[in-house]
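Enquirer: Take the sequence shown: its letter number 387 is residue 463 in the working numbering, and every next letter is one higher.
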Amino acid sequence: MNPIDYSIDVKSPFDQAIAGYGAGAAIRNDQQQQAQLQAQQKQQAAMQQDLVELSKNPTTQGIVQRMIKYPQLSEQLKRPYDSLNADQQQAHLSEASQLYAAISSGNDDVVSNVLQTRIDAAKNSGDAQRGAASDALLQLYKIDKNAAKTAIGMHLASIVGPDKFSDTYGKLGSEQRAAEVQPAVVKKANAEANSAEVKSKYAESNELVELKKKNWDITKIQADIDVAKQNSRIAAMNAQSNRMDSETKRQELGLKIQEAVQKRDETIRAKVADATTSFNQIDTLLNTISRIRNTPDVVKRAAHGSFDSNTPTIQDDVRDYEELLKSMGDQVLAANLPAWKASAGGGNFSDGDRDAVKNMTGSFNLKQSVPMNEKNIDILERILAKTRKGISMKTGMPEPVPDTPDATASPQMIDDLVKKYTNPVKK
Numbered sequence: 077m078n079p080i081d082y083s084i085d086v087k088s089p090f091d092q093a094i095a096g097y098g099a100g101a102a103i104r105n106d107q108q109q110q111a112q113l114q115a116q117q118k119q120q121a122a123m124q125q126d127l128v129e130l131s132k133n134p135t136t137q138g139i140v141q142r143m144i145k146y147p148q149l150s151e152q153l154k155r156p157y158d159s160l161n162a163d164q165q166q167a168h169l170s171e172a173s174q175l176y177a178a179i180s181s182g183n184d185d186v187v188s189n190v191l192q193t194r195i196d197a198a199k200n201s202g203d204a205q206r207g208a209a210s211d212a213l214l215q216l217y218k219i220d221k222n223a224a225k226t227a228i229g230m231h232l233a234s235i236v237g238p239d240k241f242s243d244t245y246g247k248l249g250s251e252q253r254a255a256e257v258q259p260a261v262v263k264k265a266n267a268e269a270n271s272a273e274v275k276s277k278y279a280e281s282n283e284l285v286e287l288k289k290k291n292w293d294i295t296k297i298q299a300d301i302d303v304a305k306q307n308s309r310i311a312a313m314n315a316q317s318n319r320m321d322s323e324t325k326r327q328e329l330g331l332k333i334q335e336a337v338q339k340r341d342e343t344i345r346a347k348v349a350d351a352t353t354s355f356n357q358i359d360t361l362l363n364t365i366s367r368i369r370n371t372p373d374v375v376k377r378a379a380h381g382s383f384d385s386n387t388p389t390i391q392d393d394v395r396d397y398e399e400l401l402k403s404m405g406d407q408v409l410a411a412n413l414p415a416w417k418a419s420a421g422g423g424n425f426s427d428g429d430r431d432a433v434k435n436m437t438g439s440f441n442l443k444q445s446v447p448m449n450e451k452n453i454d455i456l457e458r459i460l461a462k463t464r465k466g467i468s469m470k471t472g473m474p475e476p477v478p479d480t481p482d483a484t485a486s487p488q489m490i491d492d493l494v495k496k497y498t499n500p501v502k503k
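1. If you draw a straight line from the alpha carbon of residue 330 to that of residue 309, how long is it in whole angstroms?
2. So, are the CB atoms of residue 401 and residue 433 less than 8 Å apart?
3. Which of helix, strand or coil does DSSP assign to residue 306?
4. Please list, in chain order, all residues of the same chain as residue 236 whose beta carbon is under 8 Å from its beta carbon, the five residues on each side excluded.
5. Note down the Cα distance separating residue 366 from residue 429, rounded to an integer number of angstroms.
6. Do the CB positions of residue 303 and residue 297 come within less than 8 Å of each other?
7. Skipping 5 residues on each side, what residues in its chain have a beta carbon closer than 6 Å to that of residue 186?
8. Measure the alpha-carbon distance for residue 465 versus residue 234 and round it to whole angstroms.
9. Does DSSP put residue 275 in a helix, in a strand, or in coil?
10. Closest by CA to residue 207, which one among 468, 361 and 191?
11. Counting only beta-carbon separations shorter than 8 Å, does residue 345 have a partner in chain D?
12. Mind checking which residues open and close the alpha helix (DSSP H) that includes residue 148?
13. Quick one: which unbroken beta strand (DSSP E) runs of 3-plus residues sit fully inside the region 349 to 406? Chain order, please.
14. Please report the straight-line C-alpha distance between residue 376 and residue 424, rounded to a whole angstrom.
15. For residue 135 and residue 122, what's the separation of their Cα atoms in angstroms?
16. Could you have a look at residue 442 and say whether DSSP puts it in helix, strand or coil?
17. According to DSSP, is residue 183 part of a helix, a strand, or is it coil?
18. Using alpha carbons as the reference points, say which of 391, 363 and 360 lies closest to residue 374.
19. Counting Cβ pairs closer than 8 Å, one from the region 199 to 219 and one from the region 148 to 168, do we hit at least three?
20. Nearest to residue 292 by alpha carbon, out of 460, 189, 201 and 348?
21. Who are the Cβ neighbours of residue 456 in its own chain at under 6 Å, not counting the five residues just before and after it?
22. What residues in its chain sit with their C-beta under 8 Å from that of residue 446, if we drop five residues either side in the sequence?
23. Which two residues bound the contiguous alpha helix (DSSP H) that contains residue 431?
24. On the criterion of 16 or more Cβ atoms from any shown chain inside 10 Å, does residue 193 qualify as buried, or is it exposed?
25. What did DSSP end up calling residue 313 once you bin it into helix, strand or coil?
26. State the CB to CB distance for the pair residue 226 and residue 130, rounded to an integer number of angstroms; the pair is presumed to be in contact (CB under 8 Å).
27. Can you give the beta carbon distance from residue 232 to residue 224, rounded, assuming they're within the 8 Å contact cut?
28. Looking only at its chain, what residues have a beta carbon closer than 6 Å to the beta carbon of residue 284, apart from the 5 residues adjacent to it on each side?
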């Protein structure tokens, strides 16, 4: 029989068994608390799916890993146990241990007898809730033994703690037989498997894989100081994990390694975003500069100067040129200069370059002469070209040809424009 999909109905016998096994009344309280903790639905759904996957193959290692990963489960599952007195706790722990051992070894008779005895005792004492919880667990065991094992295992782990659970119950059933036959081989195989998993997670970086597909030189990103520091930290934790004897501690460190890998990839994404944004802003400016340079001189002269700049514009081509100059000033003003420096490095975009670009905002003034305007554009274009090259060298981002127009005015176009602006007062 295939495992039951409890993600469809969260109030399944599996949930009842985990909850009701400790104490029915307290479990309802636990469910209410869980409902309150579902502020982040996506995270809760991921945890639920993780537990469903665990119930398909509830190994001791898997149970320990989930209890470490979701500490809130331990607090909730242990709360009913904490409400018992010392004698009741001892009896409850002994009974739960017997059940888990029987389920792990596949001893159906023991499981059925223990639970039926519990049901009968509850009925004779009038404890309807305890009887219902035990009956739910018995029915669950008949339907899905793995789910029942998961329920009891997680309950036990919440009581004794992940470390002790792993040491005490980790060798039950098939795990026990394998360890008794080849303890050294099993330990070595587990360590090697864990090491390979950690190394794989350390080596993997979806961000770098995607960048490589886009022809980025990923060695440049890997050499970045921030990324290199994070990689060194991940490597150190990986080495520490390989030296650990405790499986529980190794799993705890494995979770920290996963978090470190995620943070490193976030760093890579941020640097790629800065580089991409800087490149786009620079190329937009270069495109505008190219269009300004391709504007015929006669149009430029009709726009510049103290007289012409204060005269209403009536020619469309002159108005277009004036809008280009305004657009270039706006693009300079909107530029994310800190990102330029971070992406290109101080050597390719210095503080002096940054100040020069910032001051360019007011430099493209129609009141100044055409030669002065061209000089300012030359300065800006030089800085842009240098910065663009620097971004590619520092981040490994490919440096495509800038998207700038190539068209130039034909001789006939120039003749037509000269005739158009023969009148000194062109507007």
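All C-beta atoms in this analysis are idealised placements derived from N, C-alpha and C, irrespective of residue type, glycine included. Because the structure is a prediction, the values reported are computed rather than measured.
Expert: Short version:
1. Going by the C-alpha atoms only, they are around 13 Å apart.
2. Contact flag unset, no.
3. Three-state result, residue 306: helix.
4. Scanning its chain for C-beta atoms nearer than 8 Å, with the 5 sequence neighbours on each side dropped, one finds around residue 236 the residues 169 and 244, in chain order.
5. A straight line joining the alpha-carbon of residue 366 with that of residue 429 spans about 21 Å.
6. For residue 303 and residue 297, yes; Cβs fall inside 8 Å.
7. Within the same chain, and ignoring the five residues on either side of residue 186 in sequence, the residues whose Cβ sits closer than 6 Å to its Cβ are 178.
8. Each residue's Cα considered, the two are about 58 Å apart.
9. Below a pLDDT of 50, predicted positions are generally treated as unreliable, and residue 275, at 45, falls in that range; the measurement from the model is reported next regardless. For residue 275, the three-state secondary structure derived from DSSP is helix.
10. Closest option to residue 207, Cα to Cα, is 191.
11. The displayed structure is made up of one protein chain only, and chain D is not part of it.
12. Bounds of the alpha helix (DSSP H) holding residue 148 are 147 to 158.
13. As for any beta strand (DSSP E) of minimum length 3 sitting wholly inside the region 349 to 406, there is none.
14. Spanning the alpha carbons of residue 376 and residue 424 requires a straight line of approximately 32 Å.
15. Approximately 20 Å between the Cα atoms of the pair.
16. Secondary structure of residue 442 (DSSP, three-state): coil.
17. Of the three classes helix, strand and coil, the one that applies to residue 183 here is coil, per DSSP.
18. Proximity to residue 374 across 391, 363 and 360 peaks at 391, based on C-alpha coordinates.
19. Between the region 199 to 219 and the region 148 to 168 there are fewer than three inter-stretch CB-CB distances shorter than 8 Å, so the stretches are not counted as touching.
20. The shortest Cα separation from residue 292 among 460, 189, 201 and 348 belongs to 348.
21. Here the set comprises 436.
22. Only 373, 376, 377 and 380 meet the Cβ criterion.
23. Run containing residue 431: 427 to 435, per the alpha helix (DSSP H) assignment.
24. Using a 10 angstroms sphere on the CB of residue 193, the tally of other CB atoms stays under 16, which defines it as exposed.
25. Reduced to three states, the DSSP call for residue 313 is helix.
26. About 6 Å separates the beta carbon of residue 226 from that of residue 130, a gap short enough to meet the 8 Å contact definition.
27. Wrong, their Cβ atoms sit about 13 Å apart, outside the cutoff.
28. If we look at residue 284 and ignore the five residues flanking it on each side, its Cβ neighbours are 294.
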